[in-house]
Amino acid sequence: MSPIQTCPNCSPSIDTRIVFTLEFGIRVLECRGCGLQFAEVYPEMGEADSEIYGDPYFAGTIALRPAREKIFAELLEEIESVSGGKGRLLDVGCGDGMLLEVAARVGWEVEGTDIATAAVRYARDERGLTVHKGAIEDLSLEPGSYDVVVLNHSLEHVRNPRATLVRVRELLRTEGVARIEVPNLSSLSARVQNLQSRFRLKKHRWRHYETGHHFWFFTPRTLSRTIRFAGLSPRGLCAPAAQWGRGNIRYRATEAFYVMTLWGGHLIAYARKPSQGSSRDVEVG
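Each number in my numbering corresponds to the 1-based position in the sequence shown with 127 added.
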């Protein structure tokens with residue numbers, strides 16, 4: 128059995144509380160120091176590859192190609208407005224490689240990483256992309272060589288989010304940009320479903336955590352804390368209502384409210400690698 132997880136941002140001596148226990152034994156814990164919630168155990172890499180991130184896991188997203196192409200084109204425009212232009216981009220947890228394909232088409236120099244054999248094979252064979260298999264902490268990538276590192280719904284999947292972001296900081300050029308998007312545990316939907324689960328009003332309690340493949344559950348506060356503790360400088364955080372379908376009328380009508388309250392379903396954070404000699408100290412948990 129894998130070792131019990133501890134909060135990556137706080138001392139291992141800081142206690143945790145049990146948020147819930149599913150009927151098949153999975154427990155979600157919360158750090159009493161900072162409030163970060165996480166799965167009690169993390170699967171071994173081989174188990175995750177074969178049992179979680181096989182071909183069926185990616186089949187649905189591959190089928191959504193037209194919609195995703197438009198969304199990723201808009202996402203890249205957003206990134207360019209923050210980074211100041213195109214350059215060398217690394218997509219961590221790139222999946223089937225759709226973001227990389229769209230980025231390369233508009234002039235970015237691209238590479239990706241993923242732990243899933245199925246995803247890496249598809250991105251390489253079907254899309255002709257340069258994708259490295261493995262966690263970025265274990266890969267021999269050149270430090271200080273990327274202008275932008277994207278973690279689009281991948282940080283909630285990694286073994287240790289602080290260690291992942293420390294490696295991201297190492298890989299970025301000075302003043303390089305990281306864009307991080309994760310589910311929002313403080314969203315209005317999550318708050319309502321948490322109450323329903325707590326009072327046993329749902330047939331499948333706590334399903335919205337998606338504990339089968341999500342292992343870290345972030346709020347605006349805990350995501351910002353993790354970014355800072357990794358030595359990156361936060362440069363803005365918002366909470367849009369949805370990841371997909373941003374152009375529809377319903378999304379536009381509710382976006383401003385969710386972004387303002389940080390109650391939207393997805394957290395988007397930007398961070399920069401500080402310049403050398405920066406006076407800002409890295410916080411230590």
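Where is the CB? At the ideal position from N, CA and C, for every residue including glycine.
C-alpha distance - residue i paired with residue j, whole-angstrom precision
i: residue 171; j: residue 213; result: 36 Å
i: residue 217; j: residue 189; result: 20 Å
i: residue 301; j: residue 262; result: 22 Å
i: residue 148; j: residue 311; result: 20 Å
i: residue 259; j: residue 176; result: 14 Å
i: residue 208; j: residue 133; result: 37 Å
i: residue 138; j: residue 196; result: 42 Å
i: residue 420; j: residue 156; result: Past the boundaries of the shown model lies residue 420; the chain is included only from 128 to 412, so the question cannot be answered.
i: residue 410; j: residue 358; result: For residue 410, the predicted structure reports a pLDDT of 37, less than 50, and the residue's modelled location is therefore unreliable. A value from the coordinates is still provided. Distance between the alpha carbons of residue 410 and residue 358: 7 Å.
i: residue 363; j: residue 338; result: 28 Å
i: residue 144; j: residue 317; result: 19 Å
i: residue 321; j: residue 162; result: 16 Å
i: residue 237; j: residue 244; result: 19 Å
i: residue 360; j: residue 307; result: 13 Å
i: residue 392; j: residue 309; result: 9 Å
i: residue 376; j: residue 193; result: Reliability fails at residue 376, whose pLDDT of 47 lies under 50, so the model's placement of it is uncertain and no value is given.
i: residue 135; j: residue 396; result: 19 Å
i: residue 215; j: residue 151; result: 44 Å
i: residue 178; j: residue 294; result: 26 Å
i: residue 342; j: residue 234; result: 34 Å
i: residue 254; j: residue 328; result: 45 Å
Residue i in three-state terms, based on DSSP
i: residue 136; result: coil
i: residue 347; result: helix
i: residue 332; result: coil
i: residue 129; result: coil
i: residue 338; result: coil
i: residue 362; result: strand
i: residue 322; result: helix
i: residue 375; result: Note that residue 375 has pLDDT 48, beneath the 50 cutoff, so the model's placement of it is unreliable and the number below is only indicative. Note: residue 375 maps to coil in three-state DSSP.
i: residue 144; result: strand
i: residue 396; result: strand
i: residue 300; result: strand
i: residue 383; result: helix
i: residue 317; result: helix
i: residue 401; result: coil
i: residue 306; result: strand
Rounded Cβ spacing between residue i and residue j (contact assumed at less than 8 Å)
i: residue 385; j: residue 366; result: 6 Å
i: residue 174; j: residue 154; result: About 18 Å separates the two Cβ atoms, so there is no contact after all.
i: residue 269; j: residue 291; result: Residue 269 to residue 291, Cβ: 17 Å. No contact.
i: residue 296; j: residue 353; result: Wrong, their Cβ atoms sit about 12 Å apart, outside the cutoff.
i: residue 164; j: residue 356; result: Not confirmed; about 16 Å, so no contact.
i: residue 390; j: residue 282; result: With 8 Å as the limit, residue 390 and residue 282 do not qualify as a contact, their Cβ atoms being about 20 Å apart.
i: residue 222; j: residue 199; result: Residue 222 to residue 199, Cβ: 11 Å. No contact.
i: residue 226; j: residue 277; result: 7 Å
i: residue 299; j: residue 400; result: 4 Å
i: residue 398; j: residue 305; result: 5 Å
i: residue 129; j: residue 169; result: 6 Å
Exposure label - residue i; buried when at least 16 CB within 10 Å
i: residue 403; result: exposed
i: residue 284; result: buried
i: residue 303; result: buried
i: residue 388; result: exposed
i: residue 326; result: exposed
i: residue 266; result: exposed
i: residue 211; result: exposed
i: residue 159; result: exposed
i: residue 247; result: buried
i: residue 131; result: exposed
i: residue 205; result: exposed
i: residue 274; result: buried
i: residue 142; result: exposed
i: residue 191; result: exposed
i: residue 313; result: buried
i: residue 220; result: buried
i: residue 383; result: exposed
i: residue 228; result: buried
i: residue 241; result: buried
i: residue 433; result: With the chain covering 128 to 412 only, the question about residue 433 has no answer from this structure.
heavy atom of the ligand COA below 7 Å from residue i C-beta
i: residue 288; result: As far as ligands go, the structure on display features none, and thus does not contain the ligand COA.
### Query
What are the uninterrupted segments assigned as alpha helix (DSSP H) that are 4 or more residues long and contained completely in the stretch 227 to 292, given in chain order?
244 to 252
### Task
Starting from the N-terminal side, write out each stretch of the alpha helix (DSSP H) that is 4 residues or longer and does not extend beyond the stretch 146 to 226.
182 to 190 and 192 to 210
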